[in-house]
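First the structure, in the form of structure tokens, and then the observations on it.
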Amino acid sequence: MSQYKRMENPMFNPVSAPDYLPPEKLRELQTERFAFIIRRAYENVPFYRKRMDDKNVKPEDFRTLDDVKKLPFTIKADLRDTYPFGLFASPLKDIVRLHASSGTTGKPIVVAYTKSDLDVWQETMMRTMAAAGVSKDDIVQVAFGYGLFTGGLGAHYGAEGLGATVIPASGGNTERQIMLMKDFGVTAVACTPSYFVHIIEVAEKMGVDLHKLPLRRGMFGAEPWTEEMRRHIEESAGIRAFDIYGLSEITGPGVGAACECQCGLHIFEDHYYPEIIDPDTLEVLPDGQEGELVLSTLSKMAMPMIRYRTRDLTSIMTERCACGRTIRRISKISHRSDDMFIIRGVNVFPSQIETAILNEEKNLPHYKIILTRSHGLDNVEVDIEMTQEMFSDKVSAIESLTARFSHAIEKVLGIRVAVKMLPPNSIPRSEGKAKRVIDRRGNN
Ligand code: DLL
């Protein structure tokens, strides 16, 4: 898009200028930055030097982006094995911030930032928010958790960088969140989509009509959510819901973001280089094909990540976005490779179950997927919470609801699974990332 057209775009914000680089300029920049980061990692991180030596690759073997495929991959276990500081390329005196992501078991993974890393992070979060139409005129409530999790501070610095008024609410205390929204005239909110669903519910109970508040935009991420969930949120709150993506290992939020077209997520490619691989063969897949997203950091000084396997499944979208940005998009991430389970030979992702439930009844966002194993085979039960309106203690009414939802799920998955209808408010609400899958397979 020419400079002139950009100016015409009412959503254009100067902080987004790198989003519109001519593709050949962008590739040039990526090549230059990649070469620098490979050398930095090789010379400063014994882990990378060994990995590259094992593959017989030297920093000077990298000349063009075609050479990326020669580089070794990095995986989450590498961060655990080098806990806490083994992947740092900068001495601690240059590191100004640490974050950590807790795994389900054991030690967390630790990530580090120099001052310049924090500047890049803030810039990509400003671009994330600008893409969602947020500006200095907005009042932004950050309801991601503050702390070792990257969501709170990431969103905070992005909004502050744009000059917006920031309310660092953090997660939890939902009634107070709603009071702040109302009293302070909040226009934009950032949190996990599942927490916002909870906010919608509590607002209803408090008699606060979110449609009547100045709230217009939400930036949601940190967990998979479906298009059906986006529509549910937009309709129930009268806002536009934008998907934001990232992971601690790469920076936190600010890796990719939806724009006003709300179709996929633009990757901030001048700082993060995306590839899609086949998770089994590890071959790079052509654009348009779904596989595992692999990301390399192009400017991270404290902790460069080379070809990090995210486990997130998506594809690189081939068409140029109507918004005019030239940085490429990935399609919405609705599942991770390690989320998949196999029921009677059929691969199932939790997001397919969410789609089926919300297709059937768009106001039913609370569900749980329980996995068990008997005789070496996986079984699944889907527990769905009834709304107050549909709740009945008549057996026949519950049976007919159960039948309706099993049929809706069967239509999407192609197999029948057990469904149980639960009374209202029986599924715990999340204030951060929702835990929708309860895996009891290890206990059988
Ligand atoms: O969740 C960073 C973040 C904070 C992103 C706030 C967006 C907003 P981690 O805790 O390390 O970091 O978890 C990263 O969360 O690999 C995905 O599986 C998932 N994830 C993050 N954003 C999205 C999204 C933060 N928009 C992991 N859609 C990632 C789907 C997402 N999954």
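With our numbering applied, the sequence shown covers 7 to 450. Backbone N, C-alpha and C define an ideal beta-carbon position, used for all residues, glycine too.
Query                                                                                                                                 : Result
Segment limits, beta strand (DSSP E) that includes tyrosine 119                                                                       : 115–120
Beta-carbon proximity of histidine 341 to proline 230, cut-off 7 Å                                                                    : yes
Burial state of proline 292 (16 or more Cβ within 10 Å)                                                                               : exposed
Burial state of glycine 112, where buried means 16 or more other Cβ atoms lie within 10 Å                                             : exposed
Residue interval of the alpha helix (DSSP H) (run including alanine 209)                                                              : 199–212
Glycine 294 versus Thr257, Val425, Gly270, residue with shortest Cα-Cα distance                                                       : Gly270
Of the listed residues Met427, Ile256, Ile239, nearest to phenylalanine 248 (C-alpha basis)                                           : Ile239
Cα-Cα separation, isoleucine 331 to glutamate 296                                                                                     : Position check: residue 331 holds arginine in this sequence, whereas isoleucine was assumed. Distance between the alpha carbons of arginine 331 and glutamate 296: 22 Å.
Sub-7 Å separation of glutamate 437 and glycine 177 beta-carbons                                                                      : yes
Separation of lysine 400 from tyrosine 152, as counted between CA atoms                                                               : 45 Å
Between the CA atoms of isoleucine 282 and arginine 379 - distance to the nearest angstrom                                            : 32 Å
Environment of glycine 258 [buried if 16+ CB atoms lie within 10 Å]                                                                   : buried
Whether leucine 77 touches isoleucine 312 by CB criterion (7 Å)                                                                       : yes
Residues near aspartate 4 in its chain [Cβ-Cβ closer than 7 Å; skip 5 each side]                                                      : In this structure the chain extends from 7 to 450, so residue 4 is not present and cannot be described.
As assigned by DSSP and simplified to three states, the class of asparagine 353                                                       : strand
Coarse secondary structure for proline 371, derived from DSSP in three states                                                         : coil
Straight-line gap, alanine 118 to serine 402 (C-alpha atoms, nearest Å)                                                               : 57 Å
Start-end ranges of the alpha helix (DSSP H) lying completely within the stretch 220–279, minimum 4 residues                          : 233–243
7 Å Cβ shell around serine 343 - same chain, five flanking residues per side excluded                                                 : Pro285, Glu298, Arg317, Leu319
Inter-residue Cα distance where the pair is alanine 23 and arginine 133                                                               : 9 Å
Touching by the beta-carbon criterion (3+ pairs, under 8 Å), the stretch 215–222 and the stretch 189–196                              : yes
Contacts around proline 65, its chain only, beta-carbon distance under 6 Å, and the 5 residues preceding and following it disregarded : Ile44, Arg45, Tyr48
Whether glycine 453 touches methionine 131 by CB criterion (7 Å)                                                                      : This structure leaves residue 453 out entirely; the chain is present only between 7 and 450.
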